[in-house]
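Just so you know, UniProt numbering puts 86 at position 86 of the sequence shown, and the rest follows in order with no gaps. These notes concern the structure reproduced below.
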Amino acid sequence: MHRRENIPVILLTARDTSADRVRGLDIGADDYLTKPFEPRELVARINSVLRRRGPVPTVMEATPAEAALAPTQHYAFAGLSFMSSTGTLRRGDGSAVRLSTV
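Spelled out as structure tokens, the structure:
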């Protein structure tokens, strides 16, 4: 797994053998969770990975001119959408999801 940025990776998979887990962690995953899983466990694992990662560096605010030139990336998955330019995560109904770092 080639990592271009310091972004934590949690593998969510149906592959549940010990060899699969070891391979997933060996290729660079920070954690490995097999299906089916409890949502509370996933949240706990996300929080754990974020704690191990440490504080997120502060991002400098862009000027309006810089922001206009920056590419905006929009990601959508499982009824959620994330706008990288604003750091906003929204549900399918348009309501915002509160994001935080630990």
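Each residue gets a CB set at the ideal place from its N, CA and C atoms; glycine is no exception. Bear in mind that the values here come from a model prediction, so they are computed numbers and not experimental data.
query: Tell me which residue opens and which closes the beta strand (DSSP E) that residue 31 is part of.; result: 31 to 34
query: Along the chain, where does the beta strand (DSSP E) containing residue 81 start, and where does it finish?; result: 80 to 83
query: Are residue 79 and residue 98 close, meaning C-beta to C-beta below 8 Å?; result: no
query: Where residue 13 and residue 31 are concerned, what is the direct C-alpha to C-alpha distance, given to the nearest angstrom?; result: 11 Å
query: What is the residue span of the beta strand (DSSP E) that residue 10 lies within?; result: 10 to 13
query: How is residue 98 classed by DSSP in three states: helix, strand or coil?; result: coil
query: Should residue 87 go down as buried or exposed, given a rule of 16 or more other Cβ atoms within 10 Å for buried?; result: exposed
query: May I ask which residues mark the beginning and end of the beta strand (DSSP E) holding residue 77?; result: 74 to 77
query: Excluding the 5 residues flanking residue 73 on each side, which residues of the same chain have their C-beta closer than 7 Å to its C-beta?; result: 84
query: So is residue 25 buried or exposed if we call it buried at 16+ other beta carbons inside 10 Å?; result: exposed
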